[in-house]
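Residue numbers (the working numbering): 145 to 1279.
Below, the structure written as structure tokens:
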């Protein structure tokens, strides 16, 4: 009705003076100076409209926009609505209401109570379906298009939607894939966990804890992705991949959803037998499709919607689903009557005058509303949805929301910045106009300077940029000094990019594109050369813009900027901790030995000194990369007594650095390590879990204290030389003195191993003479490599260790160990370190040259790590030591965070076939066979009880416990506290950390699981960014040469020509996921690997049947390279 009358209303109001551009300002001032500027009207003589007029004005604008949407939809149903969102409007939803009332939707009217503040009396019986039901139906169609329920040749697609939005190859070829499309199947490829947990799976077993094991058939699940919600009844694991779940939505359709998108679960809403029957029916349908094994049947199955409404058990399931929705709707109305839509301000007010909370749970939010904590489950579900619908205030953690119900609160400063930027952009205020003009001039200056290749440089004395010279800025030019409003707007753009993957919508993306387009329009208005403009402003364009105006470097690694990773806060919190420790050191005296240490004091005496075993002259080998700075493990070997059968044995001890000899559990550095959880290694920078100042000053890295001795935690195993069986084990607090610091290369050389030729190296530029000199004079950590060839005793010991490592590996392979690997590239960045530009400075920064980035491509015969004797030696001894620690904990009843991972989900015959293909010495199976036979693991988990670790071949009663990296991983540090408490006599236990009980360990495990998943996603992201950053420059140069009529530039080297030939004619794609529909571009995207480049990519397809089968390799060509937190190379089929 409103849309139909909007034109008449607009005409009447057009005659009313001052009826345009009136918006309410709700922003709180950020500072006195800024608030004074914000308070100034754009036109001082313009009378300010009254509140009623502002409300009418806004309604009219929304109504006109609604009319335009209707007209546009009639003209072109496939028109992308992203520009509407970018203009600050919310598109009218496209509901798919069934033509007739569905038989399972109830018509019972809830008794509405007259409550103060209630605006609408919602009548269930006056609609064919509730608002939530209709939204679910709309989302179910979208989700079904996004992720087909398929196995083999069966995939569920929405033919009705496909016919409504036909694919246009001519337009799609010019589209740049939205980053949301690239993240549809954003999970790492299952590669065997050869050197660590496989981190890709555990088969679900009844009664086990953990995210993947909580779901049972018949559970009600609520999901959300980018603000689109869908609820349904859980049926089973997806038939396409174990990383997704199959649910029955309220529309009667079977839909696949990502496990990461599940936000709430209600157990046993319907009987398990009903969903089991439905699951059996789906399984039979898929088996029939596979059995047909014909192209025609495959295509028909791939484009047929999977609807379960004709099944007899479906009606009962949907009735139960509808009842849950009715309960949630009723509680939503109750919450609305209690002011839930202003809950952000209510929570802040409840915390005053104390500091504002940084997070809130659903239960604490109910308390802030003065509602009972022990409320109905439906009330908690309703509030969860409401908080998700307020992304400008609450941020849901996709890793922990389902388990904890916790939301992060956006800082008040960020909320105020959002509201202020939104008002300025809507009003086209003087602040945003001045900002746009300044940005236009600054970025044009930067472009001119880059084109002129000015040699004028200044050195900057700051971390990360010391060797990267800056261009001098024009003196006394106000355009090159950002004002406070400018900093607010840049801060808003940074907030837009802070979180890439949200369960919610990103509210900033409705405003930020208008800002970029305003700068482009201002550039044209000022008569400056125009910049390339895109039809849609995506996150990638915003990143480029910030580099163009000197806020960040043009090579900025955006992986570090994602707020959930918290890297920005690491240095801030670390500086605060360092300052507190420095102040405490200045004013305090050493604590008394009998007193409990304070949070700033170390142990005055090592509690374990009385029980430490001195290994004396035993040679301890540390083997690591030349660039490694934290040497936290070493290995020694000595002859042991023979077995009863007379076979020889060897005592092998793994010695682990012992920071708990100094740090007690309440020390500031221990808490800092718990907050950081693990060391993060980027090619350009390293964020250490424990500060370098602590590890260096206290000489914790093995070998850093000469012959003076270093405290260690020693884990020993007596190994049968013939069988590789561990016949005895022990755990000791020890001291080592003779440490030999070796590198992998040196050990491989003396063991007679010659590594195969590595792949080609490509780089963005050559090193300058100054850089070559600096590299030659760069300080390197000392090693004992030079003396190793002449040390016969060490050579014999290393040879014996290698022989024992091979025995240990073979025993694991005989159990169940399964590994595989794909080609990968490696990256080096010079100079290093390069710190990310987390803060916006008052002046723009323009570097005169980028860092030198080298990418080593995979070689054709890319060798396995297990082929290297040094890698095998170290990895097997670390695995054995971790198993010794697990056994020690089990035998003494110590609660520790065990790692578990079950068997893969696969058909028995497929799994058996792959196991037969393994190398008996390494357990490595052909990667393509693993893909083709759908061998897939669920994520591993941390639990307080031991269990099998199937991919590593650990299936005994003791399980697996990681303890070998306490300087780099907090879970290992925590396990040291637990284990070392059992090494002391009862009379001395009070001097050491009290052993944590099971409840405390469970609390720690929750954090470990969330951190493990974040670390798993972070690993490799920076490597991919830098690899593709270099490759993108080569692709751009190749395109420029292809479009130019001139001959090839003389600066192009022969190596570049080889790279061009590879990019143009030599790339293939190996499919590891099925194609998934992207509703953003109305096409299909398939996750692939590019073996020649060693990177992951996205294959763009017009139809799903055009894509390769999983495990199939096809020729491709490069279409685009998307750089960001989830960098991908976008390719298409090469005919």
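Using N, Cα and C, we set each Cβ at its ideal position, and we do this for glycine too.
Note that this is a predicted model, so its numbers are computed, not measured.
Assuming residue i contacts residue j under a Cβ cut-off of 8 Å, what Cβ separation, rounded to an integer in Å, is found between them?
i: residue 927; j: residue 881; result: That belief does not hold up - the Cβ atoms of residue 927 and residue 881 are roughly 18 Å apart, past 8 Å.
i: residue 844; j: residue 883; result: Going by Cβ atoms, the distance from residue 844 to residue 883 rounds to 12 Å, so no, they are not a contact pair.
i: residue 1213; j: residue 1260; result: 4 Å
i: residue 509; j: residue 531; result: 7 Å
i: residue 639; j: residue 756; result: Contact doesn't hold; Cβ gap of about 52 Å is too wide.
i: residue 861; j: residue 1034; result: In fact, because the Cβ distance is near 15 Å, the residues do not count as touching under 8 Å.
i: residue 1229; j: residue 1219; result: 7 Å
i: residue 1113; j: residue 822; result: 5 Å
i: residue 405; j: residue 367; result: 4 Å
i: residue 772; j: residue 706; result: Not really, about 26 Å apart at Cβ, beyond 8 Å.
i: residue 1039; j: residue 1122; result: 7 Å
i: residue 1267; j: residue 684; result: 7 Å
What three-state label does DSSP hand residue i in the structure shown?
i: residue 692; result: helix
i: residue 1138; result: coil
i: residue 650; result: coil
i: residue 989; result: coil
i: residue 593; result: helix
i: residue 586; result: helix
i: residue 606; result: Residue placement at residue 606 cannot be trusted, given a pLDDT of 42 that sits under 50; the coordinates are not used to answer.
i: residue 878; result: strand
i: residue 943; result: helix
Quick one: give me the first and last residue of the beta strand (DSSP E) that residue i is part of.
i: residue 475; result: Careful: residue 475 lies outside any beta strand (DSSP E), inside the alpha helix (DSSP H) at 456-481.
i: residue 724; result: Element bounds for residue 724: not the beta strand (DSSP E) but the alpha helix (DSSP H), 711-731.
i: residue 766; result: 763-768
i: residue 797; result: 793-801
i: residue 364; result: 364-369
i: residue 861; result: 854-864
i: residue 1228; result: 1227-1234
i: residue 779; result: 777-784
i: residue 552; result: 550-553
i: residue 1261; result: 1257-1266
i: residue 377; result: 372-381
i: residue 1042; result: 1042-1044
The alpha helix (DSSP H) that contains residue i, what's its start and end?
i: residue 635; result: 628-641
i: residue 1052; result: 1052-1060
i: residue 1077; result: No alpha helix (DSSP H) contains residue 1077, which DSSP labels as neither H nor E.
i: residue 882; result: First-last for residue 882: 882-887, but that is the beta strand (DSSP E), not the alpha helix (DSSP H).
i: residue 1169; result: 1165-1187
i: residue 660; result: 656-669
Give every residue of the same chain whose Cβ lies closer than 6 Å to the Cβ of residue i, excluding the five residues on either side of it in the sequence, and list them in chain order.
i: residue 651; result: 535 and 536
i: residue 941; result: 781
i: residue 1168; result: 1239 and 1271
i: residue 1042; result: 1087, 1090, 1103 and 1105
i: residue 178; result: The predicted position of residue 178 is uncertain, since its pLDDT is 37 and thus under 50; a value taken from the coordinates is nonetheless stated next. Result list for residue 178: 628, in chain order.
i: residue 1071; result: 964 and 966
Whose C-beta lies closer than 8 Å to the C-beta of residue i among residues of the same chain, with five residues either side of it excluded?
i: residue 255; result: At residue 255 the pLDDT is 36, less than 50, meaning the model places this residue with poor confidence and gives no usable figure here.
i: residue 143; result: Outside the modelled stretch of the chain, which goes from 145 to 1279, sits residue 143, for which no answer is possible.
Any heavy atom of the ligand FMN closer than 7 Å to the Cβ of residue i?
i: residue 1042; result: The ligand FMN is not part of this structure, which contains no ligands at all.
Sorted by chain position, which residues of the same chain lie with C-beta nearer than 7 Å to residue i's C-beta, five sequence neighbours on each side aside?
i: residue 181; result: Any answer about residue 181 is weak, because its pLDDT of 41 lies below 50 and its placement is not dependable; what the coordinates show is given next. So the qualifying residues of the chain are 575 and 629.
i: residue 908; result: 994, 996, 997, 1174 and 1177
i: residue 1064; result: 954 and 957
i: residue 724; result: 744 and 812
Check your understanding: Do the region 951-970 and the region 1050-1070 touch if we need at least three Cβ pairs shorter than 8 Å?
Key -> yes
Point to revise | the region 971-985 touching the region 865-875, judged by at least three CB pairs closer than 8 Å | key: no
Check your understanding: Would you call the region 1013-1030 and the region 1067-1084 touching, i.e. three or more CB-CB distances under 8 Å?
Key -> no
Review point. Using 8 Å as the Cβ pair cut-off and three pairs as the minimum, do the region 812-826 and the region 707-727 touch?
Key: yes
Review point. If we count Cβ pairs, one from each stretch, closer than 8 Å, do we get three or more for the region 927-936 versus the region 779-796?
Key: no
Review point. If we count Cβ pairs, one from each stretch, closer than 8 Å, do we get three or more for the region 1130-1144 versus the region 1197-1206?
Key: no
Check your understanding: Taking one C-beta from the region 980-988 and one from the region 917-931 each time, how about it: are there three or more such pairs within less than 8 Å?
Key -> no
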